[in-house]
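Asker:
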Amino acid sequence: MDMIFSALEILMRWDVALALLAGSVGGVLIGAIPGVGPAVAIAILLPATFSMDPIVGLTVLLGIYGSSMYGGAIPAILINTPGTAVNALTTYDGYPMTARGEPRRALSLAYSASFFGGVFSVICLILFAPVLAKVAPMFGSREIFLAALLGLILVVVAHRGQALMAGALACFGIFLNSIGMEPVKYTQRYTFEQDFLGGGVNLIVVVLGLFALSQAFVLLLDEDEKVHLTKLRGGMFQGLRELARHPRVTAVSASFGVLMGMVPGVGEFTAQFMSYTYAQKSSKRPQDFGNGSSEGLIAAETANNAVPAAAMVPLLALGIPGEALTAMMLSVFYVHNVVPGPALFQNDMDFVVALYLALLILNVLVLIFLLFATRHLIQVVRIPNRFLGVCILTLSFVGVYSLRNSATDCIMAAGFGILGFILKRLSLPAVPIILGMVLGGIMEVKLRAGMARVKEPWDMINRPIAFIIFTIIILVLASHFLRVWKERKELKEAEWQTKTASTSFGRLLSRRKNSFLKDRGKEVRARHSKLLRRLKDLF
Amino acid sequence: MTTERESRFVGPRRGQLIFALVFLTLSVLLLALIGEQTTWVKKTKLFAQPRFWPAISLGGMVLLGGLHLYRLPWRRVSRYDLKEARHWGQSLEYGLWFMAYVFLVPLVGYLPVTLVFVPLLARRMGYRSRLMLWVSLGFALSVVVLFKGLLSVKIPGALLYEYLPGTLRSFFILYL
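Order-wise, the sequence lines are chains D and W. In terms of the working numbering, the first sequence is residues 549 to 1087. In terms of the working numbering, the second sequence is residues 746 to 921.
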């Protein structure tokens, strides 16, 4: 209880209150505009928060992260376009409800489900914090190295069908992090004798390029879409009552959100997928899913809003970000010399709880704002795409240039912007690059420190937590390879069903060789050579 | 006709082969430079070598990038790939707009350049109405006031501001 009071004391400041308000309202607005999203907004605002207190800066960023998904549900339900990527599943049941004349019901249900997800996860984590505070100090260099490695592997294998390229891009991120002066032996790595590379490649420059500038390029080269908005009728509070009628789906979805949020590299999509599948399988009316089912909408919205608070756990407890947004927030900690990790949990527990309480207050603020302001808020979806591109390009300048007033940074950001644009066109993920950069740096430092005390390779995993993480890594890799093998088998079967000949050239040759060696094959060859001889004799 | 392998591929076909080829080529080139661009320090463990992480990362890029290329269901660059590459090139134009903005701000000043840049780019994008002009100007002004005036982000005063009279000069350098 004392801890909660001291956490509240941290929050009782006018600048924190302002940050909460700006973060919540700004996050909803950003989420409601399709094509912007929290990653772009956080990337742009990141350098501006460096001059603020850590709690103020993090509250703004956390506010945007936590409330953007509320806003993202608005265009997903009203115009069938998700405001943020994680609201894609909301369109499945949200838009059909709008199409049959129930947009208010869908919106209020989405807000209520999101609110429950957000509050549930924060309460879980506040209750869970003392346990974390006990577990976190058990993580030494080796454990943190293995946890970072696990996070990176999970990010890679989460990209189904693209794991090879996701892995290559994660390695590219690790390579980017290694550029510059190496801090222990003071040698240059891939600087090509250029001064601007001596200090390394700045994470914010890469983030701004890959997320903000690339999105600006996508929008600028896109066509404007005509938006038809449906008029809102009915009360906005009916969703709260309706949510109470589905306690099981709501609680299970929120739990999935909390659990998946805590695992680095997994996040909203897996949580949503699992809760939606569960809701559909356990529903009395599974045929309604995808056609405007209230349970489907609840499952999708509850799960994704339970993730942001949970995603802060690996960041705060171990200093390991599990996704791009928390990776960006890590830089705010570093700028203020606050090192997230076990020590933060031991020494500044009130700071951690203050962050969670800020998220709790934020959820309340967002719900109140949305219940009363949705009618006016929906107009933001009318902003034309290409004009949004102009706005993002202008704002990206603030983000990159204010960092070090360096034109070289801007050139690099533009280069990464073009790379991000290409990746978006090819539907390839940019997140592994960011996580590779952040986790690569952590892995380098922790492996060096950990290996200093290791005499045999086995010593690396001779502590219980290290052994558990190592076992999880092996299990994750084994299950991934098993899945790849099964997919390959299915592909082969499907190919055999459509083709008569072997699809493998080696096997084709081997089959011909076998055919030649058999008696029947020899007979056929003899007949063919006889015919060929006769043909030659003719000429 | 689309083959089974092509239909199961995640993402569009156009441009994939070119990207995979360029990625692998650059990775191989960088890996080939590892002896020249990194140092091997004597009497130091393998894991503490400055060359260790570049080798791991570039090795991973070459291996995984190569496997990705090998697993691609296409072996020839089609005209759609080339069309896509041209589309990538179109983003360069906006990269140049951005760089022009970057180079002009320290010379002319954040406020004047933004007030010209936003409406001009909006015009280039096809928004020629009077309403959009005013919206662009309003947006440009609010960005400068919010970030430089209120949030005090680090954007230095321009060379042109030096020619302004006394108090106006310091006001412009500090807030605009």
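All C-beta atoms, glycine included, are put in the ideal place defined by N, C-alpha and C.
#1: Any C-beta of chain D sitting closer than 9 Å to the C-beta of R753/W?
#2: Any beta carbon from chain D within less than 9 Å of I918/W's own beta carbon?
#3: Are the C-beta of C672/D and some C-beta of chain W separated by less than 9 Å?
#4: Listing by chain order, which chain D residues have their CB less than 8 Å from the CB of A777/W?
#5: For L791/D, collect the residues of the same chain with a Cβ closer than 7 Å to its Cβ; drop the 5 residues on either side in sequence, then sort them by chain order.
#6: Can you tell me the Cα-Cα spacing of A1000/D and I1021/D, whole angstroms?
#7: Return yes when the Cβ of A997/D is within less than 9 Å of the Cβ of S689/D, no when it is not.
#8: At a Cβ threshold of 9 Å, is G988/D touching chain W?
#9: Would you call the CB atoms of W798/W and M729/D closer than 9 Å?
#10: Could you name the residues of the same chain whose beta carbon sits closer than 7 Å to that of L568/D, not counting the 5 residues immediately before and after it, in chain order?
#11: Smallest Cα separation from G780/W: which of Y920/W, L803/W, R759/W and V755/W?
#12: Going straight from the alpha carbon of A714/D to that of V807/W, what length do you get?
#13: Sorted by chain position, which residues of the same chain lie with C-beta nearer than 6 Å to G575/D's C-beta, five sequence neighbours on each side aside?
#14: CB I491/D to CB A580/D, shorter than 9 Å?
#15: With DSSP as the reference, label M860/D as helix, strand or coil.
#16: Just verifying my parser: in three-state terms, what is the DSSP assignment at R737/D?
#17: Quick one: complete alpha helix (DSSP H) runs, 4+ long, within the segment 923 to 1005 of chain D?
#18: What distance in whole Å lies between the Cβ atoms of V573/D and V604/D, which are believed to be in contact at a cut-off of 8 Å?
#19: Measuring CB atoms only, is the segment 857 to 868 of chain W touching the segment 934 to 954 of chain D, in the sense that at least three cross pairs come out at less than 8 Å?
#20: Using a Cβ-Cβ distance cut-off of 9 Å, determine whether A955/D contacts chain W.
#21: So, under 8 Å CB-CB, A555/D and V901/D are touching, yes? Tell me the CB distance rounded to an integer number of Å.
#22: Pull the bridge partners of G728/D from the DSSP assignment, please.
#23: Shorter than 9 Å from the beta carbon of E871/D to some beta carbon of chain W?
#24: Going by alpha carbons, who is nearest to L878/D out of D896/D, F598/D, A570/D and A802/D?
#25: For N725/D, collect the residues of the same chain with a Cβ closer than 6 Å to its Cβ; drop the 5 residues on either side in sequence, then sort them by chain order.
#26: Does chain D have any CB closer than 9 Å to the CB of R821/W?
#27: Is F663/D helix, strand or coil when you go by DSSP?
#28: Is W719/W near G911/W, with beta carbons less than 9 Å apart?
#29: Counting along the chain, where does the alpha helix (DSSP H) carrying N1062/D start and finish?
#30: Within its chain, find whatever has a CB closer than 8 Å to the CB of A570/D; leave out the 5 residues flanking it on each side and keep chain order.
#31: Going along chain D, which residues have a C-beta under 7 Å from K899/W?
#32: Just to confirm before moving on: does the CB-CB distance between L837/W and I578/D stay below 9 Å?
#33: Measuring only from the beta carbon, is L827/W closer than 8 Å to any heavy atom that is part of the ligand FMN?
#34: Give the DSSP-derived three-state secondary structure of N839/D in the structure shown.
#35: Note down, one range per segment and in chain order, each alpha helix (DSSP H) of at least 4 residues found wholly within the segment 1005 to 1040 of chain D.
#36: Is F553/D buried or exposed, if buried means 16 or more other CB atoms sit within 10 Å of its CB?
Answerer: In this structure, then:
#1: Sequence index remark: in the second sequence, residue 753/W carries index 8 (1-based). Yes, because at least one Cβ of chain D sits closer than 9 Å to the Cβ of R753/W.
#2: For the purposes of this step, residue 918/W is taken as residue 173 along the second sequence, with counting starting at 1. By this cut-off, I918/W is not an interface position.
#3: Against the first sequence, residue 672/D aligns to sequence position 124. So no, C672/D is outside the interface.
#4: Counting from one through the second sequence, the residue named residue 777/W turns up at place 32. The premise fails here: A777/W is roughly 12 Å from chain D at the closest Cβ pair, so nothing lies under 8 Å.
#5: Here residue 791/D refers to the residue found at position 243 when the first sequence is read from its first residue. L657, S660, A661, F664, T798 and I846, listed in sequence order.
#6: Reading the first sequence from its first residue, position 452 is the one you call residue 1000/D. Reading the first sequence from its first residue, position 473 is the one you call residue 1021/D. Straight-line Cα distance between these residues: approximately 22 Å.
#7: Position 141 of the first sequence, counted from the first residue, corresponds to residue 689/D. Position 449 of the first sequence, counted from the first residue, corresponds to residue 997/D. Yes, the Cβ-Cβ distance between S689/D and A997/D is below 9 Å.
#8: Here the question's residue 988/D lines up with position 440 in the first sequence. Cβ-Cβ to chain W under 9 Å: yes for G988/D.
#9: As a first step, residue 798/W must be located in the second sequence, where it is residue number 53. As a first step, residue 729/D must be located in the first sequence, where it is residue number 181. Contact: no.
#10: Position 20 of the first sequence holds residue 568/D. Result list for L568/D: T607, G611, A906, I909, L910 and L913, in chain order.
#11: The sequence position of residue 780/W within the second sequence is 35, counting from 1. Closest by alpha carbon: L803/W.
#12: Taking the first residue of the first sequence as position 1, residue 714/D is located at position 166. Taking the first residue of the second sequence as position 1, residue 807/W is located at position 62. Roughly 13 Å separates the two Cα atoms.
#13: Counting from 1 along the first sequence, the entry for residue 575/D is found at position 27. Here the set comprises G611, I612, S615 and S616.
#14: Given a span of 549 to 1087 for chain D in the structure shown, any question on residue 491/D remains unanswerable.
#15: Within the first sequence, the letter at position 312 stands for residue 860/D. In the structure shown, M860/D sits in a helix (DSSP, three-state: H, G or I).
#16: Taking the first sequence and counting its residues from 1, the one referred to as residue 737/D is at position 189. Three-state result, R737/D: strand.
#17: Whole alpha helix (DSSP H) segments, 4+ residues: 933 to 952, 955 to 973 and 979 to 999.
#18: For the purposes of this step, residue 604/D is taken as the residue at position 56 of the first sequence. For the purposes of this step, residue 573/D is taken as the residue at position 25 of the first sequence. Between V573/D and V604/D the Cβ distance is about 16 Å, and since that is not below 8 Å, they are no contact.
#19: yes
#20: Here residue 955/D corresponds to residue number 407 of the first sequence, with the count starting at 1. For A955/D, the nearest CB of chain W lies under 9 Å from its own CB, placing it at the interface with that chain.
#21: Numbered from 1 along the first sequence, position 7 holds the residue referred to as residue 555/D. Numbered from 1 along the first sequence, position 353 holds the residue referred to as residue 901/D. About 4 Å separates the two Cβ atoms, so the contact holds.
#22: Residue 728/D sits at position 180 when you count from the first residue of the first sequence. For G728/D, which the question treats as bridged, DSSP gives the partners R737/D.
#23: Here residue 871/D refers to the residue found at position 323 of the first sequence. Chain W contact via Cβ: absent.
#24: Taking the first residue of the first sequence as position 1, residue 878/D is located at position 330. Out of D896/D, F598/D, A570/D and A802/D, F598/D has the C-alpha closest to the C-alpha of L878/D.
#25: On the first sequence, residue 725/D is found 177 positions in, with the first residue counted as 1. Spatial neighbours of N725/D in its own chain (CB-CB distance under 6 Å, excluding positions within 5 residues in sequence) are listed in chain order as M985, G988 and G989.
#26: Residue 821/W sits at position 76 when you count from the first residue of the second sequence. So, not an interface residue.
#27: Against the first sequence, residue 663/D aligns to sequence position 115. In the structure shown, F663/D sits in a helix (DSSP, three-state: H, G or I).
#28: For chain W, the structure presents residues 746 to 921; residue 719/W sits outside this window and is missing.
#29: Here residue 1062/D is taken as the residue at index 514 of the first sequence, counted from 1. Looking at the DSSP string, the run of the alpha helix (DSSP H) that includes N1062/D is F1053 to L1065.
#30: Your numbering for residue 570/D matches position 22 in the first sequence. Result list for A570/D: V608 and G611, in chain order.
#31: By 1-based counting over the second sequence, the position of residue 899/W is 154. In chain order: S950 and N953.
#32: Along the second sequence, read from residue 1 onward, the residue named residue 837/W stands at position 92. Along the first sequence, read from residue 1 onward, the residue named residue 578/D stands at position 30. Not closer than 9 Å, so no.
#33: With respect to small molecules bound, the structure shown includes none, and the ligand FMN cannot be examined in it.
#34: Against the first sequence, residue 839/D aligns to sequence position 291. Coil at N839/D, not helix or strand.
#35: none
#36: Taking the first sequence and counting its residues from 1, the one referred to as residue 553/D is at position 5. Exposed, since its Cβ has fewer than 16 Cβ neighbours within 10 Å.
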